[in-house]
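A short worksheet on the structure shown next.
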Amino acid sequence: MSNLREEAARAGRLIQFALQPKAMPFDEPEYRDLLRQYEDRADFRSLVQGMAEGLGLTILLASERGLFLGPRDDSVFAQTPSEFRGPQVSGDDRLLDGLIELAIAATLFPRQRDLEDDVLAARPPVTIADVDGTLRELVEAIKQQQPTEPDADADRLDQGLWEAWQVYESRPSHRRTGTGRASSNSTFRIIEQHLDRLCELGCFTAERQGEPVRYRPTLRYQVLVQELAATHLYRRVQEALQPDGGEAHRTEFERSSAPGG
Amino acid sequence: MAANQGQFDFDSGGRRLLESLTDAPFSPTRPWSQQLTRRQRVLLHIEPILRLYRQPGTRDDRHLQYDTLALIVKVFDTVIDQTGFGSEVTDETVLEAAKPLLKAWDEASGNPAGPDVHSDVMARILAELKNERERQEPFEVPYQAFDDAGDPRRHVLRFKLLMEQFGYDGGIVLRLSSEAINLFLNAFGLDIEDAQVANEAVVQSQLERGKFNEAVQSAQNARGQSMRYEAKIRWLLLQIGRDIDRIDWRGEADGLLREALEHVQRRLHVEDNILRSAEEKLDNLAESDDRRPSLAEVIRLMKECQRRHLLLHEQLMPARGEYLRQQARQAFVASRIRQSVDLRDAVLRDVLQQPRLAATELLDGPGGMFLGPLPPALLNIRALVHWQLMPKRQSSKGLVPVDDLELNQTDGSERRFSDEAVQTAAEFLAGVQEKARLSTLIGSCEAAGHANDSVDAMILQAIRTFGDDAGGLGYRVDIAEMAGLHQTRHHGDDVWIVPNGEEVTRVEPA
């Protein structure tokens, strides 16, 4: 019994290390040792996996560089993009937060083959302008496809029928206050806030020695996007778009594990 | 095989190597062969390096005394030589390694340059080798070749030279691509397995013949090849793990893993024999013998090869059994998570075209997709008490920069609901045509895709109107059923929403 208890404590300790964004096996001998046990011992690996599952966490990667976790939808460890701004945000602000989080990932991994690359291959850094450029470019392309109807936008706005791209387009990239500071309403400022927040969470590091500031993704962020988030969001979008609820995009495993499947 | 018994000979891989060096016999009916295409591709790999070497636009006047090609070779050498267990190569490492060369050129030209110039020169070379101009994408070199029918075909060769990877400490380190290692080791056109066999056979031969200085070079090659083979196996394991559903497992992946394991086992055996032989020779050399350092270096390099292969062996040993077990259970975690996704054009673009409410629900839903797991904050009584007992913070007097507030930032009232939510709720209630229960309206409101905020605002507006018999808002509210409201997020008394002009049926409390 005491052995089981000690094993469980070790498994919990490993998950705790994995939940600390800046903990590195390189700096922590205990973390390194626990990872070695995870790789070498099937019983310990199974215990850690079970514990993570109970906490609503998915193990995305275990290597000598760390244990990387992703949250499930119902996990207490899950966050929403707008969470860090507090509850006092408008619907459009929540939308912008979500769009920007997605655009940061899409700027780093613009094509399918980028997501399929080795997670250890570091993606090049991005700037605030790169992320804004990704969104503005797509917005412009969508706008070109729209039929031109005078005053249609205003009517649709009155009816609350704007599409997401129009919300982004309505915000300026740059705006300065009277003292020359960046306005909190400009998309550059919102992107900056998100990237800074991602730095705090150990997902990016900022290279501030030159202009403009370059944000480089960490391995934690790359694993999260490449192994979980991109697919997860893709399926969610397909479910929303497809008349069959995205059934065609679900894997055999998901279909068989669904209730009644 | 002779090589397996530790004596100098080529094993089957070595024979394949020799065969591959012999081109197919010329045939007048076939003016082109795929062997020629392979050789053409070998030559194309030098293109980005020569472009960098020749392009005057990238050469600053201050840098004219430096030879770019020599510096590129030094970069390759540094990355191969200094990447090892416990040591990583960064941009700074490369700069330090190149400094003696840069200083030598300065002295020879009589044009001394400062550290800034040195670091600029190396930064430019590293940026070009990483292809930073194209965001570190692979180089793309177009070429033409002929297919089996003799028709010309256009192709594009894509490859990387210098790559950035995550190191063990989480920092960014430099790695040579497989192509760059080949280029550096003159091993293009050979299978990595063949090249490894050949290199180790050469080391063994040179040791037997007492050519220790030459053996150092061959051992360095063997070390480079072991790094390249490690990258190949890592890639293989990654792909198998990701695409287990799509792979013809029995026929392909299983065979690849078995071959890799056998190859590594053979390498370990051969390396063990080389090391034993080299250590024996070292013991027999006099302390003053000037060949000792070379022999010691060969031993060091071969030990590193052996260690790398041991680690690969550890990964490959359980891999087959583990993957077969996972496949049998059809529960391989990675395969059920991952899917090929075009994040920019198939996800972001689709989301941008969604109505704003639908897009918000998609992106700001639960899951914390791009943020990773974060432990929820728990109340810490000790910290709370400590905070409460802290002395009052001194207010700082003096000038403090104050941000200009914009008009849209000066809303002083703290409101639970946005204008949009309140308006949606009001419109929904005003649109009720006939008497309806609040529980029914909640369901309709959610089914119409309105956000939770709008639903909550509607409930609160209805409750606020309760008891207003004048029906000032166009409807009245009265009790329908005590404790009759049971929704996922709401519980309590259910009420009627009655448009003006309709009868209210009062229900006595149970």
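Chains as they are written, first to last, in numbering that gives the first Met the number 0: chain A, 0 to 260; chain B, 0 to 509. A virtual CB, placed ideally from N, CA and C, is assigned to each residue, including glycine.
| Item | Value |
| --- | --- |
| Beta carbon of A/Tyr220, beta carbon of A/Leu197: below 8 Å? | yes |
| Against chain B, does A/Gly69 count as a neighbour if the rule is that its beta carbon must be under 8 Å from one of theirs? | yes |
| Please compile the residues from chain B whose C-beta is within a distance smaller than 7 Å of the C-beta of A/Met262. | This structure leaves residue 262 of chain A out entirely; chain A is present only between 0 and 260. |
| Tell me the rounded alpha-carbon separation between B/Phe427 and B/Arg355. | 18 Å |
| For A/Arg122, collect the residues of the same chain with a Cβ closer than 6 Å to its Cβ; drop the 5 residues on either side in sequence, then sort them by chain order. | Leu107, Pro216 |
| Nearest-angstrom Cα distance between B/Ile587 and B/Phe465? | Any property of residue 587 of chain B remains undetermined from this structure, which presents chain B solely from 0 to 509. |
| Taking the DSSP output, what are the residues bridged to A/Gly69? | A/Thr57 |
| Check whether the segment 65-78 of chain A and the segment 10-18 of chain A are in contact - that is, three or more C-beta pairs closer than 8 Å. | yes |
| For A/Asp91, which residues in the same chain have their Cβ closer than 7 Å to its Cβ, ignoring the five residues on either side in sequence? | Val166 |
| Three or more C-beta pairs closer than 8 Å, one from the segment 104-118 of chain B and one from the segment 198-205 of chain B: is that the case here? | no |
| What residue from B/Lys159, B/Lys434, B/Ala148, B/Asp146 has the CA that sits closest to B/Val140's CA? | B/Lys159 |
| What is the DSSP secondary structure of B/Ala482, reduced to helix, strand or coil? | strand |
| Could you tell me the alpha carbon to alpha carbon distance between A/Glu63 and A/Arg40, rounded to whole angstroms? | 15 Å |
| Who are the near neighbours of B/Glu213 in its chain, counting only those whose CB is closer than 7 Å to its CB and skipping five residues on each side? | Gln205 |
| How would you call B/Gln353, buried or exposed, if buried means at least 16 neighbouring beta carbons within 10 angstroms? | buried |
| If you draw a straight line from the C-alpha of B/Gly447 to the C-alpha of A/Pro211, how long is it? | The identity of residue 447 of chain B in the sequence shown is Ala, whereas the question assumes Gly. Cα to Cα, the separation comes out at about 44 Å. |
| Taking 8 Å as the threshold, find out whether the segment 296-316 of chain B comes into contact with the segment 261-272 of chain B through three or more Cβ pairs. | yes |
| Tell me where the beta strand (DSSP E) around A/Tyr214 begins and ends. | 213-216 |
| Would you please verify whether the beta carbon of B/Val72 is less than 8 Å from any beta carbon of chain A? | no |
| Take B/Gln305 and list the residues in its own chain whose beta-carbon comes closer than 6 Å to its own, dropping the five residues that flank it on each side. | Glu270 |
| For the segment 192-208 of chain A, enumerate the residues whose C-beta is nearer than 7 Å to any C-beta of chain B, in chain order. | Leu200, Cys202 |
| At a CB-CB cut-off below 7 Å, which residues of chain A make contact with B/Ala357? | Ala239 |
| Is it a yes or a no for the segment 372-380 of chain B touching the segment 133-143 of chain A, going by three-plus beta-carbon pairs under 8 Å? | no |
| Just the Cα atoms here: how many angstroms apart are A/Leu60 and A/Arg110? | 22 Å |
| Run the CB neighbour count on B/Gly340, radius 10 Å, all protein chains shown included, and call it buried at 16 or more, exposed below. | According to the sequence provided, residue 340 of chain B is Val. The question's Gly does not apply to it. Buried, by the Cβ-count rule. |
| With a cut-off of 8 Å, do at least 3 Cβ pairs link the segment 45-56 of chain B to the segment 163-178 of chain B? | no |
| Whose C-beta lies closer than 7 Å to the C-beta of B/Ala318 among residues of the same chain, with five residues either side of it excluded? | Leu236, Leu256 |
| Check the Cβ-Cβ distances between A/Glu27 and every residue of chain B, and say whether any is below 8 Å. | no |
| Can you tell me where the alpha helix (DSSP H) holding B/Tyr65 begins and where it ends? | Here B/Tyr65 belongs to no alpha helix (DSSP H), and DSSP marks it neither H nor E. |
| Between which two residues does the alpha helix (DSSP H) harbouring A/Asp195 extend? | 186-199 |
| Give me the Cα-Cα distance between A/Arg234 and B/Leu351, rounded to the nearest whole angstrom. | 16 Å |
| For a cutoff of 8 Å on Cβ pairs, would you count A/Ser45 as touching chain B? | no |
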